[in-house]
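Each number in this note's numbering corresponds to the 1-based position in the sequence shown with 41 added. Contents: one structure, followed by commentary.
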Amino acid sequence: FNMVAKKDLFPEQLSGGQQQLVGVARAIIGQPKLLLADEPTGNLHSEQGKQIMDIFEQLNNEGMTIIQVTHSEENALRGKRVVKVVDGAVESDELVNKNVKIK
């Protein structure tokens with residue numbers, strides 16, 4: 042994540058986006074079978090967000106289950122299944138068609 046220069050800093054000395062990247066790195070370093078991610082790209086620049094989603098996609102293809110909460114339709118559609126929850130109730134539960142491209 043291009044954060045080597047920040048290795049000696051305390052968390053409060055990092056920007057919100059940098060803290061988010063560190064959190065993602067810490068979550069995946071132990072190669073868990075299940076990863077719960079709540080808005081993992083929320084505080085990131087678009088390129089950093091794409092990088093995180095690329096990593097999640099690779100980890101998922103290698104067998105890691107990833108449950109992601111997001112308001113980003115683009116990020117949701119990078120998964121294999123989308124469960125839409127509205128006001129605490131499941132509104133839809135669909136497999137993602139990878140042949141459909143979004144803007």
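Think of the CB as a built atom: it goes at the ideal place given N, C-alpha and C, for glycine as much as any other residue. Just so we're clear, the structure is a prediction, and the values are computed from it rather than from any experiment.
query, result
"Enclosing beta strand (DSSP E) for Ala78 [first to last residue]", "75–79"
"Reference Leu100, options His86, Asp128, Gly71, Asp79, closest by Cα", "Gly71"
"Whole-angstrom distance between Ser87 and Ser56, CA atom to CA atom", "16 Å"
"The segment 102–110 contacting the segment 73–87, beta-carbon criterion three pairs below 8 Å", "yes"
"Nearest-angstrom Cβ-Cβ length linking Pro52 and Gln60, presumed shorter than 8 Å", "6 Å"
"Gly85 versus Asp95 - alpha carbon distance", "One detail in the question is off: residue 85 reads as Leu in this sequence, not Gly. Straight-line Cα distance between these residues: approximately 14 Å."
"As assigned by DSSP and simplified to three states, the class of Gln137", "Gln is not the amino acid found at residue 137; the sequence shown has Val there. Reduced to three states, the DSSP call for Val137 is coil."
"Best match in Gln92, Leu76, Leu75 for proximity to Leu62 [C-alpha to C-alpha]", "Gln92"
"Minimum C-alpha distance to Ile69 - residue among Glu103, Asp49, Val126", "Glu103"
"Asn138 versus Val127, Lys47, Leu118, residue with shortest Cα-Cα distance", "Leu118"
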